[in-house]
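If you read the protein sequences in the order shown, they are chains A and B.
Counting in the numbering used here, the first sequence runs from 4 upward without gaps.
Counting in the numbering used here, the second sequence runs from 4 upward without gaps.
For every residue, glycine included, the Cβ atom is placed at its ideal position computed from N, Cα and C.
Encoded as structure tokens, the structure appears first; notes follow it.
Number of protein chains: 2
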Amino acid sequence: MVAELAAGRRPTIIDVAKRAGVSKSLASRALRGDAGVSTSSRDLVLDAAQELGYRPNSAARSLVRGVSGLVGVVLNQLDNQHHTGIVQGVQERAKELNARVIIGNGAQNPEELQRQIDTMIELRVDGLVIVSSWVPAQVLERAGSEVPTVVLTHLADPPAEVDTIASDDVYGAQLAVEHLIQAGHQRIAYLSRSASATSQARIDGVVLALEAAGLPCTLLQVDAGDDINLQELSASGVDAVLCNNDLTAAEVIRLAHEQQVQVPGQLAVIGYDNTALARLLYPSLTSIDQPQVNMGRRAVDAIAERTAGRTEALRELYTPQLVVRSSTAQP
Amino acid sequence: MVAELAAGRRPTIIDVAKRAGVSKSLASRALRGDAGVSTSSRDLVLDAAQELGYRPNSAARSLVRGVSGLVGVVLNQLDNQHHTGIVQGVQERAKELNARVIIGNGAQNPEELQRQIDTMIELRVDGLVIVSSWVPAQVLERAGSEVPTVVLTHLADPPAEVDTIASDDVYGAQLAVEHLIQAGHQRIAYLSRSASATSQARIDGVVLALEAAGLPCTLLQVDAGDDINLQELSASGVDAVLCNNDLTAAEVIRLAHEQQVQVPGQLAVIGYDNTALARLLYPSLTSIDQPQVNMGRRAVDAIAERTAGRTEALRELYTPQLVVRSSTAQP
DNA sequence: AGAAAATGTGGGAACGTTCCACATCCGGTC
DNA sequence: GACCGGATGTGGAACGTTCCCACATTTTCT
Numbered sequence: 004m005v006a007e008l009a010a011g012r013r014p015t016i017i018d019v020a021k022r023a024g025v026s027k028s029l030a031s032r033a034l035r036g037d038a039g040v041s042t043s044s045r046d047l048v049l050d051a052a053q054e055l056g057y058r059p060n061s062a063a064r065s066l067v068r069g070v071s072g073l074v075g076v077v078l079n080q081l082d083n084q085h086h087t088g089i090v091q092g093v094q095e096r097a098k099e100l101n102a103r104v105i106i107g108n109g110a111q112n113p114e115e116l117q118r119q120i121d122t123m124i125e126l127r128v129d130g131l132v133i134v135s136s137w138v139p140a141q142v143l144e145r146a147g148s149e150v151p152t153v154v155l156t157h158l159a160d161p162p163a164e165v166d167t168i169a170s171d172d173v174y175g176a177q178l179a180v181e182h183l184i185q186a187g188h189q190r191i192a193y194l195s196r197s198a199s200a201t202s203q204a205r206i207d208g209v210v211l212a213l214e215a216a217g218l219p220c221t222l223l224q225v226d227a228g229d230d231i232n233l234q235e236l237s238a239s240g241v242d243a244v245l246c247n248n249d250l251t252a253a254e255v256i257r258l259a260h261e262q263q264v265q266v267p268g269q270l271a272v273i274g275y276d277n278t279a280l281a282r283l284l285y286p287s288l289t290s291i292d293q294p295q296v297n298m299g300r301r302a303v304d305a306i307a308e309r310t311a312g313r314t315e316a317l318r319e320l321y322t323p324q325l326v327v328r329s330s331t332a333q334p
Numbered sequence: 004m005v006a007e008l009a010a011g012r013r014p015t016i017i018d019v020a021k022r023a024g025v026s027k028s029l030a031s032r033a034l035r036g037d038a039g040v041s042t043s044s045r046d047l048v049l050d051a052a053q054e055l056g057y058r059p060n061s062a063a064r065s066l067v068r069g070v071s072g073l074v075g076v077v078l079n080q081l082d083n084q085h086h087t088g089i090v091q092g093v094q095e096r097a098k099e100l101n102a103r104v105i106i107g108n109g110a111q112n113p114e115e116l117q118r119q120i121d122t123m124i125e126l127r128v129d130g131l132v133i134v135s136s137w138v139p140a141q142v143l144e145r146a147g148s149e150v151p152t153v154v155l156t157h158l159a160d161p162p163a164e165v166d167t168i169a170s171d172d173v174y175g176a177q178l179a180v181e182h183l184i185q186a187g188h189q190r191i192a193y194l195s196r197s198a199s200a201t202s203q204a205r206i207d208g209v210v211l212a213l214e215a216a217g218l219p220c221t222l223l224q225v226d227a228g229d230d231i232n233l234q235e236l237s238a239s240g241v242d243a244v245l246c247n248n249d250l251t252a253a254e255v256i257r258l259a260h261e262q263q264v265q266v267p268g269q270l271a272v273i274g275y276d277n278t279a280l281a282r283l284l285y286p287s288l289t290s291i292d293q294p295q296v297n298m299g300r301r302a303v304d305a306i307a308e309r310t311a312g313r314t315e316a317l318r319e320l321y322t323p324q325l326v327v328r329s330s331t332a333q334p
């Protein structure tokens, strides 16, 4: 008896059933709102649960049901606003389908990223959404073979086991470059702080667009800590720069102020992802928009379809759009 | 037999044990690296697990062990860089203590915030970290009475059931105002885009510091969508503005550019939280730094202490620091 | 040599829930 | 009055793991 009341013991559905004077089966049905329970018993059970502060135990439920009702999202980094839009879409759609969303943060660290994926799979999430292009193909294969998995970034060669939903990074970069060319820019640089499949696709787009226009191309890969001299860059003839994301572009804009380079007069700047940051900067940032929220929503649908039996891989590609602001002159 | 091999059936520890030719008990011990297993059996089990692609089932483990090895973090919003530092600290310390971290995103929506807290509790996390001041006291009480809970924002009147780890917002605001006064500013405004316990504490600090200096005080509460006219503000005599966070300050700096107000010459600007944004802006932003990573780490310790038996509530207050950059003139 | 201790292994209960098969009761129909 | 069917309720098995205890075998100590 004493042990029964020991501190720390959480009430179970059996405690609720006892207090309500019904069987645990009936309590279970009443708590979940199943049909086939008389209103009087239902009220009895609900009251008892309320009084005891009962909380269903997800572990037990998941164990017997075989599904957890969870969608796991693993992010490369938490404070990337691009990711935020995706998570919002995932949460919206998951809510509509009555699922819950938990997030794992890879902290820009491939090892941690894998740990997070493992955690999600061990928690038996019903679907996994991965927003990172840093996950080794082998890890994706294994994940995809164990649970419906959707990757939301550009992958050079996605494994057959996973679905992919991305926006066309090659085309997006082309859009940006064409906009710059139309505005009269001749010498366009691509600037990146890191190498990834995503960044590579954007480089491909830049090269494609510049070649089509018969213009030369400058690629700058700058290491994370290194300084950038915009005066020098500008003196070398570069009059526009496309950055791998808005964050890098923000840095360029700050440096332009510090180094007295006029944006967009002397140097036009374009970001990528069209995050909240783009509107926050001065001059505000021209950027490439991806339908992040919608991509997040579709990811949940893709999981639901897989669960319902689809076996062939989904390859969905969205068309990005140019959003012109003040960091590039109007054509 | 057919059912045994049906698609979708995940290998269990019993499958592993059978293949290794040992009992499930021994397999369990081998897989967890327990002592008391001969090296030969261990290798047999590990190989079998590898071949089958075995993954432990967290639900089953959590059910029988009574602990989940999970720390849940519930955030107000995902893309707040202040939060990011805290999560980093939580993850670091959790890893050291061999726990895993899952994140729930409240999406700035009180209802969603509560859903996330419920989800975490039902998942039977071993501890809950809440980074939001928008959670009703009653919800905090219930959460705290069910699982060790730490709140990482300023609360006007924290319930006895939860631990709190915060930085001294009153003092932080005082620091900022004193810095402005020393730099010769006379008419200082506090600008906020939203009302919260955190913001209120900062207002208290502003009022305190201005009263001590015998200076008048201007409080501006601006609704989310509303425009701000800095020319007007400046014309009215205000020569410095303290914002409720770096994001609001970023907006002020952009408006200052647009409305041709000199920062800091005509208007000094101070942010709060010292996020990555502060360094990214031009002029770079003077801000108030909180030891976010360390606060995150301490939150996990607080949970561990509670689990180990501490019953009195923890009330930890950190001293914030002023980080001077270019948006305020040097005194 | 025999007892004691250490080592390795297996069996079964338990965790909290869902779900299936089955019991009971009630009113209505032939 | 015998039978049927729907509504309401019950008991027990199952999910995959851990842990306690018992047992068998080997090693160590006196």
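Could you tell me which residues DSSP puts in a beta bridge with Leu-29 (chain B)? The residue you call residue 29 (chain B) lines up with position 26 of the second sequence. Paired residue(s): none; Leu-29 (chain B) is not in a bridge.
Beta-carbon neighbours of Arg-127 (chain B), restricted to chain A and to distances below 8 Å: Start at 1 with the first residue of the second sequence, and residue 127 (chain B) comes out as number 124. Contact note: Arg-127 (chain B) reaches chain A through Asn-60, Ser-61, Ala-62, using a C-beta cutoff of 8 Å and chain order.
Determine the direct distance from the alpha carbon of Thr-251 (chain B) to that of Asp-230 (chain B), and round the result to whole angstroms. Counting from 1 along the second sequence, the entry for residue 230 (chain B) is found at position 227. Counting from 1 along the second sequence, the entry for residue 251 (chain B) is found at position 248. Linking Asp-230 (chain B) to Thr-251 (chain B) through their CA atoms gives a straight-line distance of about 12 Å.
Option in A:Gly-36, A:Asp-292, A:Ala-20, A:Arg-309 with minimal Cα separation from Val-326 (chain A): Here residue 326 (chain A) refers to the residue found at position 323 of the first sequence. From the listed residues A:Gly-36, A:Asp-292, A:Ala-20, A:Arg-309, the smallest Cα separation to Val-326 (chain A) is found for A:Asp-292.
So, Ile-106 (chain A) versus Ala-146 (chain A), is the Cβ gap smaller than 8 Å? Within the first sequence, the letter at position 103 stands for residue 106 (chain A). Within the first sequence, the letter at position 143 stands for residue 146 (chain A). No, these two residues do not count as a Cβ contact at 8 Å.
Buried or exposed for Thr-322 (chain B), please, with buried defined as at least 16 other CB atoms from any protein chain shown within 10 angstroms of its CB. The count along the second sequence starts at 1 and reaches residue 322 (chain B) at position 319. Thr-322 (chain B) comes out exposed.
So, at 7 Å on beta carbons, what are the nonlocal neighbours of Val-142 (chain B) in its own chain, with the 5 sequence-adjacent residues on each side left out? To locate residue 142 (chain B), count along the second sequence from 1; it is residue 139. These residues qualify, in order along the chain: Gln-117, Ile-120.
Suppose you measure from the CA of Ser-71 (chain B) to the CA of Ala-192 (chain B); what does that come to, to the nearest Å? By one-based count along the second sequence, residue 71 (chain B) stands at place 68. By one-based count along the second sequence, residue 192 (chain B) stands at place 189. Put simply, the backbone Cα of Ser-71 (chain B) is about 48 Å away from that of Ala-192 (chain B).
Would you list the residues sitting across from Ala-169 (chain A) in a DSSP beta bridge? Locating residue 169 (chain A) in the first sequence gives position 166, where the first residue counts as 1. Answer is A:Leu-320, bridged to Ala-169 (chain A).
Taking all protein chains shown into account, decide if Ala-62 (chain B) is buried (16 or more other Cβ within 10 angstroms of its Cβ) or exposed. Stepping through the second sequence from its first residue, residue 62 (chain B) is reached at position 59. Label assigned to Ala-62 (chain B): buried.
Can you name, in chain order, every residue of its own chain whose Cβ lies under 6 Å from the Cβ of Leu-284 (chain B), other than the five neighbours on each side? Counting from 1 along the second sequence, the entry for residue 284 (chain B) is found at position 281. Beyond the five residues adjoining it in sequence on each side, Leu-284 (chain B) comes within less than 6 Å, by CB distance, of Ala-253, Ile-256 in the same chain, given in chain order.
When the distance is taken between beta carbons, is Ser-287 (chain A) closer than 8 Å to Ala-279 (chain A)? The residue labelled residue 279 (chain A) in the question sits at position 276 within the first sequence. The residue labelled residue 287 (chain A) in the question sits at position 284 within the first sequence. No, the Cβ-Cβ distance between Ala-279 (chain A) and Ser-287 (chain A) is not below 8 Å.
Identify whether Arg-328 (chain B) lies in helix, strand or coil by the three-state DSSP scheme. Along the second sequence, one-based indexing puts residue 328 (chain B) at 325. Reduced to three states, the DSSP call for Arg-328 (chain B) is coil.
For Asp-50 (chain A), would you say it is in contact with chain B, using Cβ-to-Cβ distances shorter than 8 Å as the test? Taking the first residue of the first sequence as position 1, residue 50 (chain A) is located at position 47. Not closer than 8 Å to any Cβ of chain B, the Cβ of Asp-50 (chain A) fails to qualify, so no.
Per DSSP, which one or two residues make a beta bridge with Val-74 (chain B)? Counting from 1 along the second sequence, the entry for residue 74 (chain B) is found at position 71. BP columns for Val-74 (chain B) point to B:Val-104, B:Gly-130.
Within chain A, partners of Leu-283 (chain B) - CB distance below 7 Å: Along the second sequence, one-based indexing puts residue 283 (chain B) at 280. Within 7 Å Cβ-Cβ: Ala-253, Glu-254, Arg-257.
Could you tell me whether the Cβ of Asn-108 (chain B) comes closer than 8 Å to any Cβ of chain A? The residue you call residue 108 (chain B) lines up with position 105 of the second sequence. With 8 Å as the cut-off, Asn-108 (chain B) counts as an interface residue toward chain A.
Which bits of chain B does Thr-87 (chain A) rub up against, with CB to CB less than 9 Å? Taking the first residue of the first sequence as position 1, residue 87 (chain A) is located at position 84. By Cβ distance, chain B contributes Gln-80, Leu-81, Asp-82, Asn-108.
Report, in whole angstroms, the separation of the C-beta atoms of Arg-103 (chain B) and Thr-122 (chain A), which I expect to be a contact under 8 Å. Residue 103 (chain B) sits at position 100 when you count from the first residue of the second sequence. Residue 122 (chain A) sits at position 119 when you count from the first residue of the first sequence. Between Arg-103 (chain B) and Thr-122 (chain A), the beta carbon gap of about 5 Å places them in contact (Cβ cut-off 8 Å).
Within its chain, find whatever has a CB closer than 7 Å to the CB of His-157 (chain A); leave out the 5 residues flanking it on each side and keep chain order. Residue 157 (chain A) sits at position 154 when you count from the first residue of the first sequence. Around His-157 (chain A), the same chain offers Ser-136, Ala-169, Asp-172, Ala-200, Thr-201, Ala-204 as residues with beta carbons nearer than 7 Å, after the five sequence neighbours per side are excluded.
Anyone know if the C-beta pair for Val-154 (chain B) and Pro-161 (chain B) falls short of 8 Å? Within the second sequence, numbered from 1, the residue matching residue 154 (chain B) stands at position 151. Within the second sequence, numbered from 1, the residue matching residue 161 (chain B) stands at position 158. For Val-154 (chain B) and Pro-161 (chain B), yes; Cβs fall inside 8 Å.
Taking the straight line between their C-alpha atoms, what separation do you get for Pro-151 (chain B) and Asp-276 (chain B)? The residue labelled residue 151 (chain B) in the question sits at position 148 within the second sequence. The residue labelled residue 276 (chain B) in the question sits at position 273 within the second sequence. If you take the alpha carbons of Pro-151 (chain B) and Asp-276 (chain B), they lie about 26 Å apart.
Per-residue contacts from Glu-261 (chain A) into chain B (C-beta, under 7 Å): Counting from 1 along the first sequence, the entry for residue 261 (chain A) is found at position 258. Tyr-285, listed in chain order.
Sequence-distant residues of its chain with Cβ nearer than 6 Å to Ser-330 (chain B) (five each side left out): Within the second sequence, numbered from 1, the residue matching residue 330 (chain B) stands at position 327. Val-266, Pro-267, Val-272, Pro-286, Leu-288, Thr-289, listed in sequence order.
Alpha-carbon spacing of Asp-129 (chain A) relative to Ile-306 (chain A), whole angstroms: Mapped onto the first sequence, residue 129 (chain A) falls at position 126. Mapped onto the first sequence, residue 306 (chain A) falls at position 303. When rounded, the distance between both Cα atoms is 8 Å.
Which of the three DSSP states is assigned to Thr-201 (chain B) in this structure? Start at 1 with the first residue of the second sequence, and residue 201 (chain B) comes out as number 198. Thr-201 (chain B): helix per DSSP, three-state reduction.
Among B:Ser-239, B:Leu-73, B:Glu-125, the one whose alpha carbon lies nearest that of Pro-14 (chain A): Stepping through the first sequence from its first residue, residue 14 (chain A) is reached at position 11. In this structure, B:Glu-125 is the residue among B:Ser-239, B:Leu-73, B:Glu-125 with its C-alpha nearest to the C-alpha of Pro-14 (chain A).
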